[in-house]
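Here's the structure, in structure tokens; my notes come after.
Protein chains: 2
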Amino acid sequence: MEPASILADLFILFAAAKILGELFEHFGQPAVVGELLAGVLVGPHVFGWISEGGGSEVLELLAELGVVILLFTVGLETSIRELRQVGRSALVVGSLGVILPFALGVGLMASLGYDQGDVLFVAAALTATSVGVTARVFKDLSAIKIPPAQVVLGAAVVDDILALLVLAVVTGIAAGSFSTIQIVSLLGVIAAFLGVVLLAGPRVVRRLREFAHLPIIPGSPLAFAMLLTLGLAALSETIGLAAIIGAFLAGLIFEFRKQEVVTQVEPIYEFLVPFFFAVTGTHLDPGVFTQVDILGLSMAVTAIAVVTKLAGGYFGALSLGRRDALLVGTGMIPRGEVGLIVASIGLGRGIIGTDLFGVVLVMTVITTVVTPPFLAPMIRRRPPDEKKAKRRRD
Amino acid sequence: MEPASILADLFILFAAAKILGELFEHFGQPAVVGELLAGVLVGPHVFGWISEGGGSEVLELLAELGVVILLFTVGLETSIRELRQVGRSALVVGSLGVILPFALGVGLMASLGYDQGDVLFVAAALTATSVGVTARVFKDLSAIKIPPAQVVLGAAVVDDILALLVLAVVTGIAAGSFSTIQIVSLLGVIAAFLGVVLLAGPRVVRRLREFAHLPIIPGSPLAFAMLLTLGLAALSETIGLAAIIGAFLAGLIFEFRKQEVVTQVEPIYEFLVPFFFAVTGTHLDPGVFTQVDILGLSMAVTAIAVVTKLAGGYFGALSLGRRDALLVGTGMIPRGEVGLIVASIGLGRGIIGTDLFGVVLVMTVITTVVTPPFLAPMIRRRPPDEKKAKRRRD
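Line order of the protein sequences matches chains A and B.
Take 12 as the starting number for the first sequence in this note's numbering and just add one per residue.
Take 12 as the starting number for the second sequence in this note's numbering and just add one per residue.
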């Protein structure tokens, strides 16, 4: 009962994403850059070949499913043990990556004379890294297991938690009802979620095998994996974290005929993940570069977004060496949907106006779309000795 | 940027579908019955565990993708040669299956004193079989290749074409602008679509391999298969046929590292197809059986829907023997989305009212949900000699 256009839209998005992805791979670039570009081109702002605009609910759902599958797959390729090895770096990178953008964001907006609500919401929108695009670049280049990739993944979890706390504080202040109890209870909920998932999760998943004979337990490990992924993604979103954090945790703790699932999730990945990047691309309006009125502020905010994450990642991960530290910093730059959610809340409550929402949108899209072409050569040019160390671990 | 509820809805639908599907399989029933029941239960009319009602656009899209993948898979398992062998039966079954329901539908509605528009639209809504649920039952029982399954698949194509013509005629009459030229040109478009796809399609697909070295051709056969499927489904919908007809044709003509694709499409099937049946189940409101005012007419229309398809299938496929002919008739009963599209057009143009739309909805959902429990035992009890013949062909 959908209009004919939805299937046609999916066809056009998928075709453009696959063709440009293939072309970019042919020239040694990660496919994801082609997929993002495909979205920009067929989207409403350039050729307008798809009938639904960037905000269409159904395309957003498909995109969301895609990035959820992506982070589940990345989680599958990551082990809790390896993450723990880079735990300290990840913690520092994640923390600096929230503190620096927030501080400089407040500084910029306040010095420009914006009022308290504008200052707080734009600064908060600068905090959270969206790890999807970076994870995909690492995956395209088979580099999920190198130390900087692990640091970025761990830092993204830390970062998302801190960004959620910042959002809670900021919303409280803007509403004039800041409550320490609320913040503490939010912290409690997050700690309980992470604690239960990471500590009890692996055990529960392993013990489920003993119940596999019950007629109501799906006999297929794939169905079980998808249930875990959708469940943790939804739960994660319910407590205020990004859905992809839950999906990543699902992959991290999944242990039930894992090799089968790794093989089976690949075609789902191939079918759904490109929609995330193509749909993300449709949001970019190159025309924004001609809108002089918000251009200046957009560029300033984007510059702060880039520089602060780069610095946070670099100084937080210096123990990996300068080259890998720079790689971590670059990997933390993309903002994606989390910044937009913050800005949407501010817009929805009348705290910020559509002009500042536009500024956040520009920052979000530019940091997401522009990062992969810089990240890919950095990964590829890592010195061979470090690559060898990686192979040994594999 | 979706509300948290969408991922939670997907989790609940998928969990319920997989658990009940597993339970039904355990008791020797096809999983699809459990999936339909799961949708009925968690849907808005019974427990109301999902936040979106039956009409939510995003759930419908996921359902549509599911049934498109289902029919592509069924097409993969079917060969043009085998379809041609049952071509005559399929043609008769498909034709009778449109003529009989339309004729009896007109008779019933006219004898009840409804006006011309009501009569024509309800009768037209009775015509088109939706082959998804039947194909799924055959697939659940590994019986896609038995002759009655092939007849049903072929007849579904014929049926859908005739139903589209009926709809065009009926819409023309109701609008007072019936034009023979329009009907003939519609026929021309359908013939061109089928002709190009079935005659040139396999050759084009085969020759594409020669271009596989070009950097813009997706190297993965799965990406290629999904492109073909989405493309033909969208095209099919654009000219007015059901999207699943295009998806079935895509599977039928696909021939490019086919074994890989057969293996790779399985996980996508396992993830997406249950959403189609669960979402379909959410449309059933068991409360309709207590609404006395439309109950009588709904039951009469549903009875005609069942009896006419049963008769059309039975008499059209008698050459297969009585038992298989009855199987074909039963397989043709489900109506699904096509009947609803007809009724929606009538409703949207103010030709029929919401009460008659409700009647068509009841007919559609009952024929779809109730058929599998009858179909499955009939397939399972086919005599062994015919089953042997099937194995030989495999």
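Cβ coordinates follow ideal geometry from the N, Cα and C atoms, glycine included.
Keep in mind that this is a model prediction, so the values were computed, not measured.
For A:I157, name the three-state secondary structure that DSSP assigns. Looking up residue 157 of chain A in the first sequence gives position 146. A:I157: coil per DSSP, three-state reduction.
With a 10 Å radius around its C-beta and 16 neighbouring C-beta atoms as the bar for buried, classify A:G124 as buried or exposed. What you label residue 124 of chain A is simply residue 113 of the first sequence in a count that begins at 1. Exposed is the call here.
What does the Cβ neighbour count give for B:I201, buried or exposed, with the cut at 16 atoms within 10 Å? The sequence position of residue 201 of chain B within the second sequence is 190, counting from 1. Buried.
Under 7 Å, CB to CB, which of the residues in the region 26 to 52 of chain A have a partner in chain B? A26, K29, I30, E33, L34, H37
On the premise that A:V148 lies in contact with A:A387, defined as a C-beta separation below 8 Å, what is that separation, rounded to the nearest angstrom? By one-based count along the first sequence, residue 387 of chain A stands at place 376. By one-based count along the first sequence, residue 148 of chain A stands at place 137. That belief holds up - the Cβ atoms of A:A387 and A:V148 are roughly 6 Å apart, short of 8 Å.
With distances taken from CA atoms, which of A:E75, A:V79, A:D171, A:L94 is nearest A:I155? Reading the first sequence from its first residue, position 144 is the one you call residue 155 of chain A. For the residues A:E75, A:V79, A:D171, A:L94, the minimum Cα distance to A:I155 belongs to A:L94.
Rounded Cβ spacing between B:A28 and B:F288 (contact assumed at less than 8 Å): Here residue 28 of chain B refers to the residue found at position 17 of the second sequence. Here residue 288 of chain B refers to the residue found at position 277 of the second sequence. Indeed they touch by this definition, with Cβ atoms about 7 Å apart.
Identify the contact partners of A:A261 in chain B, using a Cβ-Cβ distance below 8 Å as the criterion. What you label residue 261 of chain A is simply residue 250 of the first sequence in a count that begins at 1. Contacts between A:A261 and chain B, judged by CB atoms closer than 8 Å, are missing: the closest CB pair is about 11 Å apart.
Compile a chain-ordered list of the residues in the region 280 to 302 of chain B whose CB is closer than 7 Å to at least one CB of chain A. E281, F282
Tell me which same chain residues have a C-beta within less than 7 Å of the C-beta of A:D151, skipping the five on either side of it? Against the first sequence, residue 151 of chain A aligns to sequence position 140. P41, A42, V43, listed in sequence order.
Applying a beta-carbon distance threshold of less than 8 Å, which residues of chain A neighbour B:A245? The residue given as residue 245 of chain B occupies position 234 in the second sequence. Simply A15, L18, A19, L21, F22.
May I ask which residues mark the beginning and end of the alpha helix (DSSP H) holding B:H37? Taking the second sequence and counting its residues from 1, the one referred to as residue 37 of chain B is at position 26. Looking at the DSSP string, the run of the alpha helix (DSSP H) that includes B:H37 is 15 to 37.
Just the Cα atoms here: how many angstroms apart are B:L72 and A:L260? By one-based count along the second sequence, residue 72 of chain B stands at place 61. By one-based count along the first sequence, residue 260 of chain A stands at place 249. About 27 Å.
Exposure label - A:G65; buried when at least 16 CB within 10 Å: Residue numbering aside, residue 65 of chain A sits at position 54 when the first sequence is read from its first letter. With a pLDDT of 45 at A:G65, under the threshold of 50, the predicted position of this residue should be treated as unreliable, and no value is reported.
Nearest to A:L367 (by Cα), restricted to the options A:M310, A:L47, A:F235, A:T382: In the first sequence, the residue the question calls residue 367 of chain A occupies position 356. That would be A:M310, whose Cα lies nearest to the Cα of A:L367.
Every unbroken alpha helix (DSSP H) inside the region 283 to 313 of chain B [4 residues or more]: The qualifying runs do not exist here; there are none.
Close beta carbons around B:G357, own chain, < 6 Å, minus the five adjacent residues each side: By one-based count along the second sequence, residue 357 of chain B stands at place 346. For B:G357, where only same-chain residues beyond five positions count, the Cβ hits under 6 Å are F132, I363.
Taking the straight line between their C-alpha atoms, what separation do you get for A:G206 and A:L197? Sequence index remark: in the first sequence, residue 206 of chain A carries index 195 (1-based). Sequence index remark: in the first sequence, residue 197 of chain A carries index 186 (1-based). Approximately 14 Å, taken between the alpha carbons.
CB contact check: B:A234 to chain A, cutoff 8 Å: As a working mapping, residue 234 of chain B is identified with position 223 in the second sequence. Residue contact check for B:A234 against chain A: a CB pair falls below 8 Å.
Determine the DSSP secondary structure at A:R392, reduced to helix, strand or coil. On the first sequence, residue 392 of chain A is found 381 positions in, with the first residue counted as 1. If DSSP states are grouped into helix, strand and coil, A:R392 belongs with coil.
Is it buried or exposed for A:S100, if we count other Cβ within 10 angstroms and need 16 for buried? By 1-based counting over the first sequence, the position of residue 100 of chain A is 89. Buried, by the Cβ-count rule.
Taking B:L338 as the reference, which of B:V162, B:S90, B:A136, B:A121 has the closest Cα? Here residue 338 of chain B refers to the residue found at position 327 of the second sequence. It is B:V162.
Does DSSP classify A:Q193 as helix, strand or coil? Numbered from 1 along the first sequence, position 182 holds the residue referred to as residue 193 of chain A. DSSP places A:Q193 in helix when its eight states are reduced to three.
Under 7 Å Cβ-Cβ, which residues of chain A neighbour B:S231? Taking the second sequence and counting its residues from 1, one reaches residue 231 of chain B at position 220. Ordered by position in chain A, the residues that pass the 7 Å Cβ test against B:S231 are E281.
Counting only Cβ-Cβ distances shorter than 9 Å, please list the residues of the region 359 to 374 of chain B near chain A, keeping chain order. none
Positions along the region 180 to 201 of chain B whose CB lies within less than 9 Å of some CB in chain A: none
Is the beta carbon of B:A254 less than 8 Å from the beta carbon of B:V79? For the purposes of this step, residue 254 of chain B is taken as residue 243 along the second sequence, with counting starting at 1. For the purposes of this step, residue 79 of chain B is taken as residue 68 along the second sequence, with counting starting at 1. Contact: yes.
Given B:V299 as reference, the closest of B:L76, B:K320, B:L372, B:E271 once Cα atoms are compared: Within the second sequence, the letter at position 288 stands for residue 299 of chain B. Of the candidates B:L76, B:K320, B:L372, B:E271, the one whose C-alpha sits nearest the C-alpha of B:V299 is B:L372.
Specify, as a first and last residue, the run of the alpha helix (DSSP H) that A:T249 falls within. Within the first sequence, residue 249 of chain A is the residue found at index 238, counting from 1. Start and end: 232 to 249.
Cα-Cα, which of B:L47, B:L246, B:P232, B:E46 is closest to B:R268? By one-based count along the second sequence, residue 268 of chain B stands at place 257. Of the listed residues, the one whose Cα sits closest to B:R268 is B:P232.
Starting from the Cα of B:V381, find the closest Cα among B:L209, B:I256, B:L48, B:L18 and give me that residue. As a position in the second sequence, residue 381 of chain B is number 370, starting the count at 1. When each option's Cα is compared against that of B:V381, the closest is B:L48.
Report yes or no: is there a C-beta of chain A within less than 8 Å of the C-beta of B:P278? By one-based count along the second sequence, residue 278 of chain B stands at place 267. Against chain A, the CB of B:P278 has a partner CB under 8 Å away; the residue lies at that interface.
Tell me which same chain residues have a C-beta within less than 6 Å of the C-beta of A:E88, skipping the five on either side of it? As a first step, residue 88 of chain A is located in the first sequence; it is residue number 77 there, counting from the start. The answer, listed in chain order, is I155.
Straight-line gap, A:D296 to B:D129 (C-alpha atoms, nearest Å): Position 285 of the first sequence holds residue 296 of chain A. Position 118 of the second sequence holds residue 129 of chain B. Cα to Cα, the separation comes out at about 48 Å.
In the DSSP assignment, find the unbroken alpha helix (DSSP H) run with A:L94 in it and report its ends. By one-based count along the first sequence, residue 94 of chain A stands at place 83. From DSSP, the alpha helix (DSSP H) with A:L94 extends over 91 to 96.
According to DSSP, is B:Q40 helix, strand or coil? On the second sequence, residue 40 of chain B is found 29 positions in, with the first residue counted as 1. In the structure shown, B:Q40 sits in coil (DSSP, three-state: anything other than H, G, I, E or B).
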